[in-house]
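For reference, the structure is listed below as structure tokens.
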Amino acid sequence: MEEVFPGFNSAISLEVGNSFDDFEVNQSFEHHLGRTLNIGDNTLFSSLTLCLNPLYFNDEYARENGHKQTPINPLLVFNTVFGMSVEDLSEKGGPFLGIDDLIFHENVYSGDTLRAKSTVLNKRISKSNEEVGIVTWHTEGFNQRGSLVVEYKRSNIVAKSGFQAKF
Numbered sequence: 072m073e074e075v076f077p078g079f080n081s082a083i084s085l086e087v088g089n090s091f092d093d094f095e096v097n098q099s100f101e102h103h104l105g106r107t108l109n110i111g112d113n114t115l116f117s118s119l120t121l122c123l124n125p126l127y128f129n130d131e132y133a134r135e136n137g138h139k140q141t142p143i144n145p146l147l148v149f150n151t152v153f154g155m156s157v158e159d160l161s162e163k164g165g166p167f168l169g170i171d172d173l174i175f176h177e178n179v180y181s182g183d184t185l186r187a188k189s190t191v192l193n194k195r196i197s198k199s200n201e202e203v204g205i206v207t208w209h210t211e212g213f214n215q216r217g218s219l220v221v222e223y224k225r226s227n228i229v230a231k232s233g234f235q236a237k238f
């Protein structure tokens, strides 16, 4: 077989993410990637998710309802903050068990930059599979002024060191 790119070796596979054993209760993570949201992100997200609330795509409607400009769709804010946490919390895989206590504290507008941090609230070994555990985190999303804009708790099944989550 002929090499497509002579001298190029295949990509190196790196292990990423944390295992169940890496998490400790009260351990905090400052998620390293921030994200500036803009009106294009907002319009595309709202359109693709069939969000028909004009507050998220109509400037005039937003101003008539007391906003300085069109606010960013809160579900985009949530999904962006959630996405920032994946590398540190659940990159190794394992079933997502859900979100609890989701609170939107403040509107986000085009040009706002979001950052996120998470804290381990709880961890326990699974009762049905000792190769995995369940970890619960509290995640907070902040804008560039340090104002809390969203927070929630989430849980995932996470494999212990030396195991892979198989479901």
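Residues 72 to 238 (our numbering) are what the sequence shown spells out, left to right.
C-beta: ideal position from N, C-alpha, C; glycine also.
None of the values given here were measured: they were computed from a predicted structure.
- Task: Mind the definition here: the stretch 204 to 212 touches the stretch 224 to 231 only if three or more C-beta pairs lie below 8 Å; say whether that holds.
- Result: yes
- What's the gap between the Cα of Asn109 and the Cα of Asp183? 8 Å
- Return the CA-CA distance between Glu135 and Ser161, expressed in angstroms with no decimal places. Distance from the CA of Glu135 to the CA of Ser161, rounded to the nearest whole angstrom, comes to 41 Å.
- Query: Asn113 and Ile143 look like a contact to me (Cβ under 8 Å); what is the Cβ gap, rounded to whole Å?
  - Reply: 5 Å
- On a CA-only basis, which of Lys194, Asn193, Asn124 and His102 is nearest Gly154? Give me that one, please. His102
- Query: From which residue to which residue does the beta strand (DSSP E) around Phe167 run?
  - Reply: Boundaries of the beta strand (DSSP E) harbouring Phe167: Phe167 to Phe175, taken from the DSSP string.
- Bounding residues of the beta strand (DSSP E) (the contiguous stretch that carries Glu211): Val203 to Phe213
- If you count every other CB in all the chains shown that lies within 10 Å of the CB of Arg195, and 16 or more means buried, which is it? exposed
- Task: For Arg186, write down the residues that DSSP places opposite it in a beta bridge.
- Result: Partner(s): Phe213.
- Task: Specify the secondary structure class of Phe128 as computed by DSSP and reduced to three states.
- Result: coil
- Taking Asn227 as part of the beta strand (DSSP E), name the residues at either end of that continuous run. Element bounds for Asn227: Leu219 to Ala230.
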